[in-house]
Every structure is written in structure tokens, then in C-alpha cells.
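Trainee:
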Amino acid sequence: MDCIFCAIVAGAAPAAVVYEDDDTLAFMDINPVSQGHVLVVTKEHYRNLYDVDPDAAAAVMRTTVHVARAVRAALQPDGMNLFQSNERAAFQSVFHFHVHIIPRWIGDELRLPPRVQRVEFSVLRGIAARIREHLY
Ligand code: AMP
Ligand code: ZN
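Under our numbering, the letters of the sequence shown match residues 148 to 283, in that order.
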């Protein structure tokens, strides 16, 4: 089996499982960026957001809400990020659809790209219109 998350779902590779239902599995990230870093994956194999069945993605989000509240109750972080990566340019390294639950503490060392700049609504509306042309 060449997909590590499919192997975990099949029970063929080890994992510290947090939650399981018919459509999803949640387990601890093996290289946590903070204590309590959990991954929520589809049981079916999808590469990422571009091919995932929307219902399967919705099931992942339902499990994410459920598990995130338990992570909060167990570890009492100051905050939490959800993170979801698609393709290498966006840091995807395991090509099986998943969402990261990342507990955060004030003063922790995690950083997202920090430089942001206010953009005019005229520009934002132009981009919104380009995206809307592709909604179906
Ligand atoms: P991404 O960069 O969004 O594709 O995230 C993949 C994540 O999977 C990384 O945070 C890895 O640490 C994690 N990971 C890779 N292999 C395993 C594994 N066998 N068990 C648990 N987590 C894993
Ligand atoms: Zn897979």
C-alpha cells in the first residue's frame, strides 16, 4: 500500500487513534507542531480538495468539530488553528485528503506568513467575479 493514510485506515500501519466513524478517522500527527496536533482523514482515498467528494469532506469537517472540542477540553489550549494543504506549493506532503487540528498557546513559536497588506474593494471584487465564473 503506497498511501500511508490508507494503510492507517486499513489497520496496516500504526496510529494513535482518537476517533473513528464510518467515513472518517482522527489520529495524532506523528510529527506534531504542537501538543495535541490531530489529523482528520477521509476513509476513502482522495488526493486533496480538488478531487474529494464534497460529502466526504463534510464528514471530515463534522469529525473535526467534534474532535477539536475534545482537544480543547483535554488540553486547554489558548486557541486552535485548522490547516488543510493542497499540492506541494501549499505544503501538502501526504496526498490523502486531511485536515490538521493544531492547538495553539499564547507565545508559542508557530508562525504563518505575517506580511499582509490591505487591498481595495475594487480589486477584491474583480477577483471575486473571476472566481464566481467558475462556480457550478
Ligand atoms: P500535509 O503536509 O498537510 O500533507 O501533512 C501531512 C502530515 O502527516 C504531516 O504533519 C506529517 O507529520 C503527518 N504524518 C506523516 N506520516 C504520518 C503517520 N504515519 N502517522 C501520523 N502522521 C503522519
Ligand atoms: Zn490514501
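All C-beta atoms in this analysis are idealised placements derived from N, C-alpha and C, irrespective of residue type, glycine included.
Would you call the segment 184–198 and the segment 252–268 in contact, with 3 or more CB pairs under 8 Å?
Mentor: Not touching, per the Cβ criterion.
Trainee: Could you tell me whether any non-hydrogen atom of the ligand ZN is closer than 6 Å to the CB of Phe-244?
Mentor: For the ligand ZN, not one heavy atom lies less than 6 Å from the Cβ of Phe-244.
Trainee: Which same chain residues, not among the five before or five after Phe-152, have their C-beta less than 7 Å away from its C-beta?
Mentor: Closer than 7 Å at the Cβ level, and outside the excluded window around Phe-152, lie Val-188, Val-241, His-243, His-245.
Trainee: Verify the contact flag: Ile-151, CB atom, against every heavy atom of the ligand ADP, threshold strictly below 6 Å.
Mentor: Of the ligands one can find in the structure shown, namely the ligand AMP and the ligand ZN, none is the ligand ADP.
Trainee: Out of Pro-224, Val-164, Asp-169, state which residue places its alpha-carbon closest to the alpha-carbon of Trp-252.
Mentor: If we check each option's Cα against that of Trp-252, Pro-224 comes out closest.
Trainee: Quick check: the segment 168–179 against the segment 199–209, are at least 3 beta-carbon pairs closer than 8 Å?
Mentor: Yes, they touch.
Trainee: State buried or exposed for Ile-249, treating a residue as buried only when at least 16 other CB atoms are found within 10 Å of its CB.
Mentor: With 16 or more Cβ atoms within 10 Å of its Cβ, Ile-249 is classed as buried.
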